[in-house]
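The sequence shown finishes on residue 625 if you use numbering that gives the first Met the number 0, and the numbering steps up by one all the way, no holes. The beta carbon of each residue, even a glycine, is placed where N, CA and C say it ideally should be. Predicted model only: the values in this text are computed from it and were never measured. First comes the structure, then the notes that go with it.
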Amino acid sequence: MSSFPMRNSSLRSHALFRVIIGGNIMCGIVGYIGHDNAKELLLKGLEKLEYRGYDSAGIALTNDEGTEVFKEKGRIADLRKVADDNDFDGTLGIGHTRWATHGVPNHENSHPHQSASKRYTLVHNGVIENYEELRAEYLSDVNFLSETDTEIVVQLIEHFANEGLDTETAFTKVVSMLEGSYALGLLDDQDNDTIYVAKNKSPLLIGVGDDFNVIASDALAMLPVTNQYKEIHDHEIVIVKRESVVIKDQDGNVQDRETYTAEIDAADAEKGVYDHYMLKEIHEQPAVMRRIIQEYQDCEGNLKMDKDIVDDVAAADRIYIIAAGTSYHAGLVGKEFIEKWAGVPTEVHVASEFVYNMPLLSENPLFIYISQSGETADSRAVLVETKKLGHKSLTITNVPGSTLSREADHTLLLHAGPEIAVASTKAYTAQIAVLSILSQIVALEHGREAEVDLLRELAKVTTAIEAIVDDAEKLEDITKEFMDDTRNAFFIGRTIDYNVSLEGALKLKEISYIQAEGFAGGELKHGTIALIEEGTPVVALATQENVNNSIRGNVKEVAARGANTCVISMEGLEKEGDTYVIPQVHELLTPLVSVVATQLIAYYAALHRDLDVDKPRNLAKSVTVE
Numbered sequence: 000m001s002s003f004p005m006r007n008s009s010l011r012s013h014a015l016f017r018v019i020i021g022g023n024i025m026c027g028i029v030g031y032i033g034h035d036n037a038k039e040l041l042l043k044g045l046e047k048l049e050y051r052g053y054d055s056a057g058i059a060l061t062n063d064e065g066t067e068v069f070k071e072k073g074r075i076a077d078l079r080k081v082a083d084d085n086d087f088d089g090t091l092g093i094g095h096t097r098w099a100t101h102g103v104p105n106h107e108n109s110h111p112h113q114s115a116s117k118r119y120t121l122v123h124n125g126v127i128e129n130y131e132e133l134r135a136e137y138l139s140d141v142n143f144l145s146e147t148d149t150e151i152v153v154q155l156i157e158h159f160a161n162e163g164l165d166t167e168t169a170f171t172k173v174v175s176m177l178e179g180s181y182a183l184g185l186l187d188d189q190d191n192d193t194i195y196v197a198k199n200k201s202p203l204l205i206g207v208g209d210d211f212n213v214i215a216s217d218a219l220a221m222l223p224v225t226n227q228y229k230e231i232h233d234h235e236i237v238i239v240k241r242e243s244v245v246i247k248d249q250d251g252n253v254q255d256r257e258t259y260t261a262e263i264d265a266a267d268a269e270k271g272v273y274d275h276y277m278l279k280e281i282h283e284q285p286a287v288m289r290r291i292i293q294e295y296q297d298c299e300g301n302l303k304m305d306k307d308i309v310d311d312v313a314a315a316d317r318i319y320i321i322a323a324g325t326s327y328h329a330g331l332v333g334k335e336f337i338e339k340w341a342g343v344p345t346e347v348h349v350a351s352e353f354v355y356n357m358p359l360l361s362e363n364p365l366f367i368y369i370s371q372s373g374e375t376a377d378s379r380a381v382l383v384e385t386k387k388l389g390h391k392s393l394t395i396t397n398v399p400g401s402t403l404s405r406e407a408d409h410t411l412l413l414h415a416g417p418e419i420a421v422a423s424t425k426a427y428t429a430q431i432a433v434l435s436i437l438s439q440i441v442a443l444e445h446g447r448e449a450e451v452d453l454l455r456e457l458a459k460v461t462t463a464i465e466a467i468v469d470d471a472e473k474l475e476d477i478t479k480e481f482m483d484d485t486r487n488a489f490f491i492g493r494t495i496d497y498n499v500s501l502e503g504a505l506k507l508k509e510i511s512y513i514q515a516e517g518f519a520g521g522e523l524k525h526g527t528i529a530l531i532e533e534g535t536p537v538v539a540l541a542t543q544e545n546v547n548n549s550i551r552g553n554v555k556e557v558a559a560r561g562a563n564t565c566v567i568s569m570e571g572l573e574k575e576g577d578t579y580v581i582p583q584v585h586e587l588l589t590p591l592v593s594v595v596a597t598q599l600i601a602y603y604a605a606l607h608r609d610l611d612v613d614k615p616r617n618l619a620k621s622v623t624v625e
């Protein structure tokens, strides 16, 4: 990409960092319109977005000869082979990497999709909820080539164009008819000077250059080209040309939108010396801890946080944490902090269930939305409903400018840097660290005496994580001993260790495909112990003094039934025969440390199975559809 130098790089040092990175997944979109050849730019952009989905990929290029589509089932590398075998190129193009929602992963269902005459070519991220109704009403005579909801959109645009509408009008009309989520990029074979763009709920950015413009689901994809971006709001239409970007609202009114500088070093998103992004991100956790400590303390070394955030959290009579997956597990740990330190009753809910089964709320609740990307569709659905009820909201996210960040009353940033691997690691520990800081600050606001010198203890946590990362070879040996030949595994713990056991099990199963479950130690005898067979790995977390004897009793129960037991304990609580001992830290902060050992076990379990660590099957980094 040497032919595309970074524009306006001098602005990076003093402009606001607002970049959508490491977030919204379920497909990735890129587009370029300029004066240079687009093929290689689009392919490299898609490579940066592959963490969003990798069932299939495709690009469309337009020049004076027309539009050519290249697409292939599988990874970007498979697409590159197809595209590189053809000399066709153009100065205008769009690309897409897919995570399948409608239609199996195959060539036909890959994007870009074309209309019947091939005049229009479209890429789409999201889910069109009313596509069947639109097809039945307007397109009953059209022969569809795919099973996707996306093809309905491009065929519908051509339908209205055939009725006499110009492309912009037809595109705008169709967008107004769509229900659900979408980020759209459209080419018209009769107009090689425009990319038509629209979005709703699915993020999409416009990158601005001196004599070119780009579109991207994530600024990361086009960062080598430009660091200047414009946000697009829901339901807006954008006309992207080589020399201009025009943003219009639903009524056709032109919207002035300032550019912002995506202040991120592209090198942060590279693997560097590491074989996988996941390993790199595990190793980055000490640096993330230090960054969080720095960002959340004042010049006198005291904890600091925006007063409006503190006031709203402190005023709440109950806190509801809404999250999914790894973020949900971080929320479970956060609940311990908020209740034990701040003294505020707290509930943790799975986002996808909450909006359909809302509990009886307290009189003055505050909602905390935890999302690495800030784009999780399930959490956003809850936010929309709670805003209607007039309740205050706080987003804890890694992505400034993300949807949840923009729509919530307040935002706390993780400062973790881009997280590319599908399996979240550093975002989890960052979420817990930020929740601990929030809890301590609210505790002081409530006049509760601080039980812990948190910044000092987080510094100890940082050192402890470094020690575990340095023990990677030892943890690889442990993985070989316990996980190499197994098809299932169990993680057990009590109190806060139970929360970590859930995350440890999730990491193992999502990248190694070992069927793994996390359980409260005392629940084993209520059914789960029936699954213990000779050699079944059971990883037990034993970092809490008041339940140390209890969890070790659970270990003996499963060992007596043939389990291969792996005990992860903490200095001061260790016993002879423990498999791995983490450095001593404050009891409530042990999740920040013990989880790193489980992350490395999951990593090596996947590695020894020759699996794609960073891109596990059927998964994407964040879920932007319900």
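Closest Cα partner of residue 114 within the set 389, 145, 124: 145
Helix, strand or coil for residue 357? Go by DSSP, reduced to three states. Coil.
Thinking C-alpha only, which one of 168, 195, 92 is nearest residue 250? Considering only alpha carbons, the answer is 168.
Between residue 225 and residue 206, which are expected to be in contact by the criterion C-beta below 8 Å, what is the C-beta distance as a whole number of angstroms? 5 Å
Starting from residue 223 and walking both ways along the beta strand (DSSP E), at which residues does that stretch end? Looking at the DSSP string, residue 223 is not in any beta strand (DSSP E), and its letter there is neither H nor E.
Taking the alpha-carbon positions, what's the residue 532 to residue 562 distance? 6 Å
Answer with buried or exposed for residue 243, where buried requires no fewer than 16 other C-beta atoms within 10 angstroms of its C-beta. exposed
Count the C-beta pairs between the region 362–377 and the region 397–407 that are closer than 8 Å, then say yes if the count reaches three, no if not. yes
Give the straight-line distance between the Cα atoms of residue 233 and residue 374, rounded to the nearest whole angstrom. CA-CA distance, residue 233 to residue 374, rounds to 13 Å.
Contact check, residue 320 vs residue 602 under 8 Å by CB: the rounded distance? That pair is no contact at about 27 Å.
Identify every residue that forms a DSSP beta bridge with residue 60. 67, 92
Which residues bound the beta strand (DSSP E) around residue 391? First-last of the beta strand (DSSP E) with residue 391: 391–396.
Whole-angstrom distance between residue 315 and residue 88, CA atom to CA atom: Here the alpha carbon of residue 88 sits roughly 58 Å from the alpha carbon of residue 315.
If I measure Cβ to Cβ from residue 158 and keep anything under 6 Å in the same chain, skipping five residues before and after, which residues do I get? 137
If we ignore side chains and look at the alpha-carbon of each, how far apart do residue 203 and residue 214 end up? Spanning the two alpha carbons is a distance of roughly 7 Å.
With a CB to CB cut of under 8 Å and the five nearest residues on each side skipped, what residues in its chain are close to residue 498? 328, 331, 332, 335, 492, 590
Applying the 10 Å Cβ sphere with the 16-neighbour rule, what's the burial state of residue 189? exposed
When the Cα atoms are used, what is the spatial distance from residue 222 to residue 43? 11 Å
Among residues of its own chain, excluding the 5 on either side of residue 515, which ones have a beta-carbon nearer than 6 Å to its beta-carbon? 488, 504, 507, 508
Following the continuous alpha helix (DSSP H) through residue 590, name the residue where it begins and the one where it ends. 590–607
Bounding residues of the beta strand (DSSP E) (the contiguous stretch that carries residue 176): Element bounds for residue 176: not the beta strand (DSSP E) but the alpha helix (DSSP H), 166–176.
Tell me the rounded alpha-carbon separation between residue 399 and residue 566. If you take the alpha carbons of residue 399 and residue 566, they lie about 39 Å apart.
Using the three-state DSSP reduction, which class does residue 23 fall into: helix, strand or coil? Caution applies to residue 23, whose pLDDT of 35 falls short of 50 and renders its modelled position unreliable; the model cannot decide the point.
Sequence-distant residues of the same chain with beta carbon closer than 7 Å to residue 461, five excluded per side: If we look at residue 461 and ignore the five residues flanking it on each side, its Cβ neighbours are 285, 288, 289.
Residue 312: which of 411, 357, 212, 237 sits nearest, CA to CA? Selected option, being the one with the closest Cα: 411.
Could you check where the beta strand (DSSP E) with residue 370 kicks off and where it finishes? 364–370
Taking the alpha-carbon of residue 422 as reference, which of 360, 597, 109 has the nearest alpha-carbon? 597
Is residue 151 closer than 7 Å to residue 134 when the C-beta atoms are compared? yes
Going by beta-carbon coordinates alone, are residue 542 and residue 554 separated by less than 7 Å? For residue 542 and residue 554, no; Cβs fall outside 7 Å.
So what's residue 187 in DSSP terms, helix, strand or just coil? strand
Have a look at residue 200 and residue 178 and give me their C-alpha separation to the nearest angstrom. 11 Å
Residue 141 in three-state terms, based on DSSP: coil
Three-pair Cβ contact test at 8 Å for the region 342–358 versus the region 376–384: yes
Using the beta-carbon count (16 or more within 10 Å), is residue 24 buried or exposed? Residue confidence is low: residue 24 scores 40 on pLDDT, short of 50, so the model does not pin down where it sits. Its coordinate-derived value is still stated next. Counting Cβ neighbours within 10 Å, residue 24 comes out buried, since at least 16 surround it.
By a C-beta neighbour count over all protein chains shown, 10 Å radius and 16 as the cutoff for buried, is residue 124 buried or exposed? buried
Measure the alpha-carbon distance for residue 20 versus residue 558 and round it to whole angstroms. Because residue 20 sits at a pLDDT of 33, beneath the cut-off of 50, its placement in the model cannot be relied upon, and the following sentence gives the value as read from the coordinates. Cα to Cα, the separation comes out at about 45 Å.
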